[in-house]
């Protein structure tokens, strides 16, 4: 056998071996999109998070983003604020708290204390894990502040569920991500798009469903909403809204008075949207966590 034929044979053999070893279907990670917080004053909440948690202006006047704003997918993770006069504190619910990471936690907490922010737990060292403190925003959301130099900014969300392992396996199957044990101690799924963000899960058999609390729900941003909905339907997911929604165009129908005959004239007015065109679906996740799926149609080549 000549050298050339030996090389071709080796290449073909290597491709065949790789094909056998490769998984049948690569797992596509759907971007973690946003978290919805219930507040009594949207403008004040936006300004509070920009000032104290290091965010920047988001997609709309009701959002705060972490990370640079791209033209295409993935979008940076955002907090969305919605008006509510009776939301309950997040502590003890299925979405217990949000985590933010700072390079100098001691200096951050001193500044927050001077600004009158409610300090729930002062700075403490958790052996083998991190330095942390706990504060509460003015609307009842618990915020865990940590010092993780490898993942600054919006760091994690912690779920309280009866079976953390089952819940995290469900999230990985549904939306992808890397299953991990954060610093060998906390069960988590890691998402790496414009930064590093973690979905933590701890055992709690008595956590209240998240809806109606200060942290109302979490959201993923699938590129292909129909494909994700189809897979979730096959897994018997419970949808709480139409799983095949139309595009949200911001249109309204107006009927004028009939000056020249009965019935008048019907006109459709479509305002210029203040955010990307999108489709939205809601479903129930494990352990009382409400999940929103939002497909941004003007990002990701749609």
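Numbering (our numbering), first residue to last: 123 to 424. Each residue gets a CB set at the ideal place from its N, CA and C atoms; glycine is no exception. These numbers come from a predicted model, not from an experiment.
Residue range of the unbroken alpha helix (DSSP H) whose run includes residue i
i	result
residue 292	286-297
residue 346	Segment: none, residue 346 is in no alpha helix (DSSP H) and carries neither H nor E.
residue 174	164-175
Where residue i falls, given that 16 or more other Cβ within 10 Å makes a residue buried
i	result
residue 184	buried
residue 346	exposed
residue 328	exposed
residue 417	buried
residue 352	exposed
residue 412	buried
residue 200	buried
residue 348	exposed
residue 236	exposed
residue 281	buried
residue 259	buried
residue 207	exposed
residue 238	exposed
residue 383	In this prediction, residue 383 scores a pLDDT of 48, lower than 50, which makes its location untrustworthy; the coordinate-derived value is nonetheless stated afterwards. The residue in question, residue 383, is exposed, as its Cβ has fewer than 16 Cβ neighbours within 10 Å.
residue 333	buried
residue 324	exposed
residue 306	exposed
Simplified DSSP state of residue i, which is helix, strand or coil
i	result
residue 240	strand
residue 206	coil
residue 307	coil
residue 413	strand
residue 233	helix
residue 360	strand
residue 212	coil
residue 353	helix
residue 338	strand
residue 228	helix
residue 181	coil
residue 272	coil
residue 330	strand
Residue i versus residue j - alpha carbon distance
i	j	result
residue 245	residue 230	10 Å
residue 234	residue 279	21 Å
residue 226	residue 277	15 Å
residue 284	residue 357	20 Å
residue 159	residue 257	16 Å
residue 157	residue 308	21 Å
residue 215	residue 339	11 Å
residue 410	residue 213	14 Å
residue 363	residue 405	7 Å
residue 241	residue 203	22 Å
residue 304	residue 165	34 Å
residue 289	residue 299	13 Å
residue 170	residue 186	10 Å
residue 251	residue 154	24 Å
residue 264	residue 217	10 Å
residue 403	residue 337	18 Å
residue 311	residue 181	25 Å
residue 248	residue 365	43 Å
Range of the contiguous beta strand (DSSP E) that encloses residue i
i	result
residue 252	252-258
residue 280	275-283
residue 324	318-325
residue 188	185-188
residue 197	Per DSSP, residue 197 belongs to no beta strand (DSSP E) and is neither H nor E.
residue 156	154-161
residue 264	264-268
residue 222	217-223
residue 406	400-406
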